[in-house]
Each structure stands twice: as C-alpha cells, then as structure tokens.
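Shown next, in structure tokens, is the structure this report addresses.
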Amino acid sequence: MPTVTVQGEKAFEVDSGKKLVLAIEDAGIDILHRCGGNARCTTCRVQVLSGDPPAMGEAEQQRLARETDLEPNTRLSCQIRVASDLEVRVLNRSHLLGIPPGPRPMD
Ligand code: FES
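Residue 70 in numbering that gives the first Met the number 0 sits at position 71 of the sequence shown, and the numbers go up by one each step.
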C-alpha cells in the first residue's frame, strides 16, 4: 500500500488507486475541493514534495495552464490516483480559510 505524507500533518497508508484528495480528507485533513473534484476550481491543489505521481491528464493540464503563479510541482489532488508513495503540501485548508470544503468528489 502506498504511503501519503502530508507535510506538517501525518503519514498514512492509502489503497492504491484512491483519489489523493479523498485520501487526504479521509485522513482527517480538511483539504478544499470546492468544485467536487471536476478539475475546475483548483482549490484541491497540492505541491508534490517527493514521489512520482501519475502523469497529468488533459483536464488537469488545461486547468493548471490557466494559472500563472503556481509552483511547477503543483497538482490537482482530485485528478491524482495514488499509485506510489507521495509527500505533499496541502495548500488550501477549510478551517484556515473559513469556508466549507465543498462537495465530496466521487470515488
Ligand atoms: S479542481 Fe476542484 S476539487 Fe480539484
């Protein structure tokens, strides 16, 4: 089982193939996912600090291309299915921004 480490929070095992955003949320970390996992809002974005996430699909690539101020290791966690160990930094937390996380993305 791959291990996901969220910087400053915890490390936890994840079923292979699970969406990263759901893995993070199910570990008790209040990551935002305001569009429900549809590659539209970018609030689920994370920085990949180590590991080798799957290549970007077209939806993720196109959405991130519209942003100008993101670090190159930024990914949309709703578009990543965990396949190997990853260390990430979660950029948008519900409790810090004072807004609800958004509708839960589909499995
Ligand atoms: S882009 Fe909106 S939840 Fe991922």
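Here a beta-carbon is modelled for each residue, glycine too, at the ideal position from N, C-alpha and C.
Just so it is clear, the structure is predicted and the values come from calculations on it, not from any experiment.
According to the DSSP secondary-structure assignment, A10 is paired through a beta bridge with T4.
P104 sits close to G35, with the two beta carbons spaced by under 8 Å. Collapsing the DSSP output to three states places S15 in coil. By alpha-carbon distance to S76, the top candidate from V13, T4, K9 and L21 is L21.
Here I98 is exposed, its C-beta having fewer than 16 other C-beta atoms within 10 Å.
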